[in-house]
Every structure is written in C-alpha cells, then in structure tokens.
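Enquirer: In this note's numbering, the protein residues as written are 110 to 366.
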Amino acid sequence: MKIATYNVNSIRSRLHIVLPWLEKNKPDYFCLQETKVADDKFPVAEFAVQDYHVIYQGNKQYSGVAIASRNKLQKVSFGLDDQPADPERLIVATYDDLTIINTYVPQGQDKESPQYAYKLAWFGRLKKYLQKHLISQNSIIWCGDLNVAPENIDVHDPKRILGHVCFNPDVWQAYNEVKSWGFVDVFRLHHPNEAGQYTFFDYRVRDSVERKMGWRVDHILATKSLAGRSQSCNIDLASRLREKPSDHVIVYAEFKG
DNA sequence: ATGGTGGACAATCCA
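#1: Report, in whole angstroms, the separation of the C-beta atoms of G173 and Q166, which I expect to be a contact under 8 Å.
#2: Report the residue from S248, P215, K169 and G305 whose alpha carbon sits nearest the alpha carbon of G233.
#3: Just curious, the alpha helix (DSSP H) that Y227 is in, first and last residue?
#4: Checking the sheet assignment: what are the DSSP bridge partners for N343?
#5: Under a Cβ-count criterion, where at least 16 other Cβ atoms within 10 Å of its own Cβ denotes burial, should Q218 be classed as buried or exposed?
#6: What residues match up with L199 in a beta bridge as DSSP calls it?
#7: Ordered along the chain, which non-local residues of its own chain (more than five positions away) have a Cβ less than 6 Å from that of M110?
#8: Would you mind listing the beta strand (DSSP E) stretches within the segment 141 to 175 that are 3+ residues and don't spill past its ends, in chain order?
#9: Assign D273 to one of three DSSP states: helix, strand, or coil.
#10: Could you name the residues that DSSP lists as bridge partners for Y138?
#11: Among G366, I176 and I209, which one has its Cα closest to the Cα of H242?
#12: Please state whether DSSP places L128 in a helix, a strand or coil.
#13: Can you have a look at V287 and say buried or exposed, based on whether 16 or more other CB atoms are within 10 angstroms of its CB?
#14: If I follow the unbroken alpha helix (DSSP H) through D288, where does it start and stop?
#15: Could you tell me the alpha carbon to alpha carbon distance between S186 and I200, rounded to whole angstroms?
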C-alpha cells in the first residue's frame, strides 16, 4: 500500500504536477490540502481519466482537502464534531480496513492572533474526535499539512525560527497530545536524526530550495501496528523544482500488504 | 528590519 500527501496550494494550478505523479507512482491514496476550489468546480474528470475516485470538501478561496484513491470507499466524513464545523480542513475516510485522516491544520498567522489560539484548540478537538470515533489498535493514517515542525532537525535555523506559530513549545505540546493517542511519525521512523529533510519552502524566501531554507511540516503518521508494516517514507523534492510548483512538496510512504 | 511570491478573486486575505 502506497500513500502520498501534498499541499497543492490550489489543485487547479497544480494538475501538471499531480497527474504525472499519479501516473508514474500509482499511489493507492493521494491526500491533498489547500485545494482552493469550490466543490462544484473540483476537477473530478481529470482524476477519473487515471481511474482515481476523489472525495473533497472545499470553498472557493482558502483551505480545502481531498483524497484520490483507486480503492472502494466504505465511509467518509468531513470536519470535526463541534462548531465551527471547519469541514474544509479534515477528511476521515475508511477503505477496507484502513482509515485515513487527512488534515490541513490551521496555520495560526502569529502568536497574538485569534487564529493561533484556534490552531492550538484545533489539535485538542482533533484528539477528542479520535477518542470518540476511532480505535488506536486499528490501521489508521494521520497525514497532511500539520503546520508543525516537530524538532530542531525539522527546520533550517531552529534558533531564529523558535517562537514561530509552527515551531514553539505550545504547538509542539498540542501536536504531541494528538500524536500520543497512538501515532508514529513514519518519516522519522525511517530517517532517525536525519536533518535537512524538508517539505515546505516559502515562496518569499529567495532560492529557498537551493539554500535549503525549508521546514518539515507535512507528515505521514500511522498507528503503531500499521507503522510496523511501513517499508519506507520519502520526500519528493523534485515536486518543488517543477515549473510553477507548490511551496510544499509531496511526501509518500509504502506499507506491506 | 522589512518585505519578499504566489494563489484565490477582483479589494484584500492567506500562507
């Protein structure tokens, strides 16, 4: 089983990257974030040509999540239980014995903004959702743009970046609270202590890829039993070097069975 | 120390 995650920063502007990647790599599941498209304009047909069925929830300007898959979908829901519903940030989908939680975690703007408090609370709401609806002994993936770089080795300049909404003790605690429900960071499992492996390079930083000024904020986590079946997890830096790239890159993992 | 770019949409918001 192969799964990938990609913050596309507009699906309609990234089809030239997504479609060839699907054709070449044939993932079973492809999770997208920041699709930036209303549901009635989602490019369903372009995925169908490659035999991918797609589920999605979005709005015309911000956020939006989707999962493309070739497998039969058993069950799908969008958003957390409580209000505001925030449906365009979370898909929970079940395919056979696998459940995928695809999230676009709120970025948080800056530490003084209400959006940052909302972000921290959002992790707490997600943990409550897990406790209510899912069982950590099952095969579950949590992936997406989690807007957290978990450790010093996940950013290029930890001293300078410390205090950013994606890199500080509060956000680490909020993230780790969810992770401690039963998730393993599959990338770190296969690349322990390996620095300089990033999934996001800001458009606004000149030559950020060449200068390795990145962040590892896009993740694939798996429950323990499933992580035990993982064979690899890698970052496809080439997806940031294409023409008109997203500022994020594709992360993908393979599992036995 | 500020602003840089790119996406949505069509004046700004978001990252």
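C-beta atoms are modelled at their ideal positions from N, C-alpha and C, and glycine is treated no differently.
Expert: Based on what the coordinates show:
#1: At roughly 7 Å, the Cβ-Cβ gap stays under 8 Å, so G173 and Q166 are in contact.
#2: It is P215 whose Cα lies nearest to the Cα of G233.
#3: Element bounds for Y227: P223 to H242.
#4: By DSSP's assignment, N343 forms a beta bridge with Y361.
#5: Q218 is exposed by the Cβ-count criterion.
#6: Its beta-bridge partners are T212.
#7: Shown here for M110: same chain residues with a beta carbon closer than 6 Å to its own, the five before and five after excluded, namely D137 and F364 in chain order.
#8: Whole beta strand (DSSP E) segments, 3+ residues: 162 to 166.
#9: A quick correction: the sequence has His, not Asp, at residue 273. H273: strand per DSSP, three-state reduction.
#10: Note: Y138 sits in a beta bridge opposite I112 and S178.
#11: If we check each option's Cα against that of H242, I209 comes out closest.
#12: When secondary structure is reduced to three states using DSSP, L128 falls in the helix class.
#13: Result: buried.
#14: In the sequence as presented, Asp is not what sits at residue 288; that position holds Lys. From DSSP, the alpha helix (DSSP H) with K288 extends over P278 to K288.
#15: Rounded to the nearest angstrom, the gap between the Cα atoms of S186 and I200 is 6 Å.
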